[in-house]
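These notes are about the structure you will find just below.
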Amino acid sequence: MSEFLASLTDAWGKLTLVNVLDIAVVAALIYQLVVHVRGRRAAQIMSGLLLLLMLYLIAVWAGLQLVTMALAALAPYTAFVLIVLFQSEIRRALARIGRRRWLGFEDRREQLEAADEILLAIEFLSQRKTGALIVVEREIGLRSFIETGVPLDAKLSRDLLISIFYPGTPLHDGAAIVQGDRVVAAACFLPLTVNPNLVSTMGTRHRAAIGITEETDCLSIIVSEETGRLSYAIHGELIENAAIDQVEHLLTGRRAGRWRSAPAERRSPVPR
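Residue numbers (our numbering): 22 to 293.
Quick look at the structure:
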């Protein structure tokens, strides 16, 4: 124990500002990589590569020469395989870096633009009493739910959302899932809440909106096709008859906007 503390103290004494900067840059790159592939197909590929690496280390440790030789023979081709498998992700990441501005101003602008498109869409849908369910991804990835719907990966816009939920179209029945400034899928199936206090009084769309927020940290926005009223669900709690500026605050953090306020009704889930 004393030797470990001594080596730790010695390493701490050799730590310089350059070393700290080096570690911080690498940590930031790893974080951005994880954020970029989270919830995407690339995450599964990376998991497979990590499993192969673990298998190689175990084979070396256990003396499995044939397995070690086979994996070592594949190692030189890893770079080419990664380029082929991740070509779309690499293009997207480079484009994102090119759009980025100092202090995250560009990301903030994109967030506000995406929020405005959602707000314009739900305002239009609410006025015409067109039912809709929009799920906005936050920290927890929604890949398993995205795979239940029709993949789109299209630029988020008011017109696109309105077209998706237009009555009679193939995609209107289900949820549209938004990642950043893109609509990644439509007609997605979501888990229904099993809260006994809500099952008998809620429609399928509202139960699905609550159910997905019970499992993830996403934001679900609902437009009633019967009344046109706006509701949203977050953390397993449904807010009915919500004002559009309340949704704006959740999407952007802005407390006061150009949207008119209205009273809201709250339905909290029964403790389970």
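Just so you know, even glycine gets a beta-carbon here, dropped at the ideal spot from N, CA and C.
Per DSSP, the continuous beta strand (DSSP E) segment holding Ser241 begins and ends at Leu240 to Val244. Ala264 has its alpha-carbon roughly 18 Å from the corresponding atom of Ile231. Look at the beta carbons and you see the segment 166-173 not touching the segment 131-141: under three pairs across the two are nearer than 8 Å.
The three-state secondary structure of Val157, taken from DSSP, is strand. Residue state for Pro191 is assigned as coil, using DSSP reduced to three classes.
Per the coordinates, the alpha-carbon of Gly274 lies some 34 Å from the alpha-carbon of Met67. Looking at Leu163, Leu71 and Glu247, the one whose alpha-carbon comes closest to that of Ala197 is Leu163. Distances from the alpha-carbon of Asp202 to those of Ser178, Asp238 and Thr222 put Ser178 closest.
For the pair Ile260 and Arg226, the Cα-to-Cα distance works out to about 14 Å. Rounded to whole angstroms, the Cβ separation of Leu272 and Ile183 is 18 Å, and the two are not in contact under 8 Å. Uninterrupted alpha helix (DSSP H) stretches at least 4 residues long and entirely within the segment 62-110 occur at 62-83, 86-95 and 99-106, given in chain order. Per the DSSP secondary-structure output, Gln200 pairs in a beta bridge with Arg203.
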